[in-house]
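> Numbering (this note's numbering), first residue to last: 1205 to 1694. Idealized CB from N, CA, C, for every residue including glycine. Sharing a structure here in structure tokens format.
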């Protein structure tokens, strides 16, 4: 599941198929040392080492030399706390988690630095996860307490020297001294240049290109998916995103088409098909894709079911490890615990939150039809609505038919969000549509002065991305006409 970049699927399949061995070695500190057996993955490790490319194998060798000639020479107290198997485990995890770095000869020293940083992190935490059974801590017997602290301090002193710490190795020194002392050459050991797993994920997911599907494009869309079926396994997240977008658009196209017929049987069949497509999309899509089901329920006048889905989505959106637009807002430790090392496909389903994309060629919510028409007239194909704005918007619309007090509470939350968010939940690029939605809700409740203020803010926003100004001005004229008629009457 977590092998999205290394090793190749064939190697993984071969390892899984051949299993592991049990050897008669007990835990040295346990009471049953003579009766215990150890799980051995030696064959799997041999296959992994054999699958390394030349640079990866050199990195492994460099790390072993660094252990023998540098780390073990720091002091007698910490000598032998680390062993060759720890180095092997380090490179396995580094190869798997750092797909951004190309493991080629020109990146040899940068690759070594990634491995050293990972080892330093493990010593600091006192946890070295077994590559095959991550719950098994390889540091459990030796690297803990005062010994762990001394080892960390020694490694950190080496870390502060940068790659110059390799000069302490007699075997390596003569090969790299010219590189390190050449001012024209540089090796990227700057922390800003080596992205962590979470920063890499943020780059991958921060700007997904929406697939805008119109009814006449169905055949082309399906053909596109068929072509993408042969993608390398680490790129399947592209296919996943594309398929989810197509399913969502198809669901509303189908619903809109057959609802107009007035034939109950056709409407019923269309509803079943549409709902099934949205469930599939939510199953394979990101966390926020559940809201498309809530939109569909609202459109079908099934308000309580929509609210149930909204509540489920709220619970999921409250998780601290979720990523929306940027890695700045994520609890990095919780994110790593939840999905660290997993495939991008799994991360998308469990930890990614994206904007709600409203295709302007398909009507999703009647209240937004003027904005869709305005954008489409100006050749803008989608409304990109921040997920938290859409959540409160839907909640407000549904509760209007059930409980006016709760409807007002949802509107209050939406107002606080739009007025006071600092770009974390309402990105600057989407403030025009966010102010617009707030104004629509205020206009529905009869708070026309507040609605007019919101529409004005939608018009003057720094980034009029969605080109909805025509709809905004029309809504403002309606309010101004009401004010004029009221003044005449008075």
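1. Return the chain-ordered ranges of every alpha helix (DSSP H) run that is complete within the stretch 1441–1509 and spans a minimum of 4 residues.
2. For residue 1528, does the count of other Cβ atoms within 10 angstroms reach 16, so buried, or fall short, so exposed?
3. Please go through the same chain and pick out, in chain order, the residues whose beta-carbon is closer than 7 Å to the beta-carbon of residue 1619, but skip the five residues on each side of it.
4. Would you kindly report the start and end of the unbroken beta strand (DSSP E) that includes residue 1335?
5. Taking 7 Å as the threshold (C-beta atoms), are residue 1404 and residue 1346 in contact?
6. Is the stretch 1567–1574 in contact with the stretch 1538–1549, if contact means three or more CB pairs nearer than 8 Å?
7. Excluding sequence positions up to five away, which residues of its chain have a Cβ less than 6 Å from the Cβ of residue 1451?
8. Specify, as a first and last residue, the run of the alpha helix (DSSP H) that residue 1536 falls within.
9. Would residue 1506 pass as a contact of residue 1402 if the rule is Cβ separation under 7 Å?
10. Could you name the residues that DSSP lists as bridge partners for residue 1244?
11. Select from 1600, 1617, 1293 the residue whose C-alpha is nearest the C-alpha of residue 1611.
12. For residue 1699, which residues in the same chain have their Cβ closer than 6 Å to its Cβ, ignoring the five residues on either side in sequence?
13. Note down, in chain order, each residue of its chain lying with its Cβ closer than 8 Å to the Cβ of residue 1630, except the 5 sequence neighbours on either side.
14. Using C-beta distances below 7 Å, list every residue in its chain close to residue 1696, excluding the 5 sequence neighbours before and after it, in chain order.
15. Compute the Euclidean distance between the alpha carbons of residue 1256 and residue 1357, then round it to the nearest angstrom.
16. Under three-state DSSP, which class holds residue 1344?
17. Taking the continuous alpha helix (DSSP H) assigned at residue 1682, which residues delimit it?
18. Three or more C-beta pairs closer than 8 Å, one from the stretch 1510–1522 and one from the stretch 1484–1500: is that the case here?
19. Can you tell me whether DSSP reads residue 1557 as helix, strand or coil?
20. Mapping DSSP to helix, strand and coil, what is residue 1584?
21. In chain order, what residues of the same chain have a beta carbon less than 8 Å from the beta carbon of residue 1226, not counting five sequence neighbours either side?
22. Can you say whether residue 1635 is buried or exposed, counting buried as having 16 or more other CB atoms within 10 angstroms of its CB?
23. Using a Cβ distance threshold of 8 Å, determine whether the stretch 1251–1266 contacts the stretch 1213–1225, with at least three qualifying pairs required.
24. Thinking C-beta only, is residue 1259 closer than 7 Å to residue 1309?
25. Using the Cβ count rule (16 or more neighbours within 10 Å means buried), how would you classify residue 1608?
26. For residue 1218 and residue 1336, what's the separation of their Cα atoms in angstroms?
27. Alpha carbon to alpha carbon, how far is residue 1449 from residue 1180? Give it in angstroms, no decimals.
28. Determine the contact status of residue 1355 and residue 1282, defining contact as a CB-CB distance below 7 Å.
29. Would you say residue 1312 and residue 1359 are within 7 Å of each other, going by their C-beta atoms?
30. To the nearest angstrom, report how far apart residue 1409 and residue 1658 are at their CA atoms.
31. Could you give the first and the last residue of the continuous alpha helix (DSSP H) run that contains residue 1350?
32. Do residue 1633 and residue 1669 count as a contact pair if the criterion is CB distance below 7 Å?
33. Tell me whether residue 1667 sits in a helix, a strand or coil according to DSSP, three-state version.
34. Please classify residue 1397 as buried or exposed, where buried requires at least 16 other C-beta atoms within 10 Å of its C-beta.
35. Below 7 Å CB to CB, which residues in the same chain sit around residue 1330 once its five sequence neighbours on both sides are set aside?
36. State the Cα-Cα distance for the pair residue 1365 and residue 1291, rounded to the nearest angstrom.
Judging by the given coordinates:
1. 1468–1488, 1495–1503
2. The sequence position of residue 1528 within the chain shown is 324, counting from 1. Answer is buried; the Cβ neighbour count reaches 16.
3. Position 415 of the chain shown, counted from the start, is the residue given in the question as residue 1619. Result list for residue 1619: 1642, in chain order.
4. As a position in the chain shown, residue 1335 is number 131, starting the count at 1. First-last for residue 1335: undefined, no H or E at that position.
5. Against the chain shown, residue 1346 aligns to sequence position 142. Against the chain shown, residue 1404 aligns to sequence position 200. No; because the gap between Cβ atoms is not below 7 Å, this pair is not in contact.
6. With a cut-off of 8 Å on Cβ pairs, the stretch 1567–1574 is not in contact with the stretch 1538–1549, counting fewer than three such pairs.
7. Counting from one through the chain shown, the residue named residue 1451 turns up at place 247. Closer than 6 Å at the Cβ level, and outside the excluded window around residue 1451, lie 1481, 1484, 1485.
8. By one-based count along the chain shown, residue 1536 stands at place 332. Looking at the DSSP string, the run of the alpha helix (DSSP H) that includes residue 1536 is 1536–1543.
9. Within the chain shown, the letter at position 302 stands for residue 1506. Within the chain shown, the letter at position 198 stands for residue 1402. Not a contact, by the Cβ cut-off of 7 Å.
10. Within the chain shown, residue 1244 is the residue found at index 40, counting from 1. Per DSSP, 1225.
11. Taking the chain shown and counting its residues from 1, the one referred to as residue 1611 is at position 407. Nearest option by C-alpha distance: 1600.
12. No answer is possible for residue 1699: the residues shown for the chain start at 1205 and end at 1694.
13. The residue you call residue 1630 lines up with position 426 of the chain shown. 1590, 1592, 1593, 1621, 1622, 1638.
14. For the chain, the structure presents residues 1205 to 1694; residue 1696 sits outside this window and is missing.
15. Looking up residue 1256 in the chain shown gives position 52. Looking up residue 1357 in the chain shown gives position 153. About 31 Å.
16. Counted from its first residue, the chain shown places residue 1344 at position 140. Correct three-state label for residue 1344: coil.
17. Here the question's residue 1682 lines up with position 478 in the chain shown. Here the alpha helix (DSSP H) through residue 1682 covers 1673–1693.
18. Yes, since at least three Cβ pairs between the stretch 1510–1522 and the stretch 1484–1500 fall closer than 8 Å, the two stretches touch.
19. As a first step, residue 1557 must be located in the chain shown, where it is residue number 353. In the structure shown, residue 1557 sits in a strand (DSSP, three-state: E or B).
20. Within the chain shown, numbered from 1, the residue matching residue 1584 stands at position 380. Three-state result, residue 1584: coil.
21. As a working mapping, residue 1226 is identified with position 22 in the chain shown. Once the five neighbours on either side are set aside, the close Cβ partners of residue 1226 are 1241, 1242, 1243, 1244.
22. For the purposes of this step, residue 1635 is taken as the residue at position 431 of the chain shown. By the neighbour-count rule (16 or more Cβ atoms within 10 Å), residue 1635 is buried.
23. Touching, yes.
24. Locating residue 1309 in the chain shown gives position 105, counting from the first residue. Locating residue 1259 in the chain shown gives position 55, counting from the first residue. In this structure, residue 1259 lies closer than 7 Å to residue 1309 by Cβ.
25. Translated into the one-based positions of the chain shown, residue 1608 becomes position 404. Its Cβ having fewer than 16 others within 10 Å, residue 1608 is exposed.
26. One-based indexing of the chain shown puts residue 1218 at position 14. One-based indexing of the chain shown puts residue 1336 at position 132. Residue 1218 and residue 1336: Cα-Cα distance of roughly 14 Å.
27. Since the first and last residues shown for the chain are 1205 and 1694, residue 1180 lies out of range.
28. As a working mapping, residue 1355 is identified with position 151 in the chain shown. As a working mapping, residue 1282 is identified with position 78 in the chain shown. Against a cut-off of 7 Å, the Cβ pair of residue 1282 and residue 1355 comes out as a contact.
29. The residue given as residue 1312 occupies position 108 in the chain shown. The residue given as residue 1359 occupies position 155 in the chain shown. No.
30. To locate residue 1409, count along the chain shown from 1; it is residue 205. To locate residue 1658, count along the chain shown from 1; it is residue 454. Their backbone Cα atoms lie some 30 Å apart in a straight line.
31. Walking along the chain shown from the start, residue 1350 turns up at place 146. Element bounds for residue 1350: 1349–1364.
32. Taking the first residue of the chain shown as position 1, residue 1669 is located at position 465. Taking the first residue of the chain shown as position 1, residue 1633 is located at position 429. Yes. Within cutoff.
33. Numbered from its first residue, the chain shown carries residue 1667 at position 463. Residue 1667: coil per DSSP, three-state reduction.
34. Counting from 1 along the chain shown, the entry for residue 1397 is found at position 193. Its pLDDT being 47, under 50, residue 1397 is placed unreliably by the model, and nothing is read from it.
35. Counted from its first residue, the chain shown places residue 1330 at position 126. 1343, 1347, 1348, 1352.
36. Along the chain shown, one-based indexing puts residue 1365 at 161. Along the chain shown, one-based indexing puts residue 1291 at 87. Taking the straight line from one Cα to the other gives about 20 Å.
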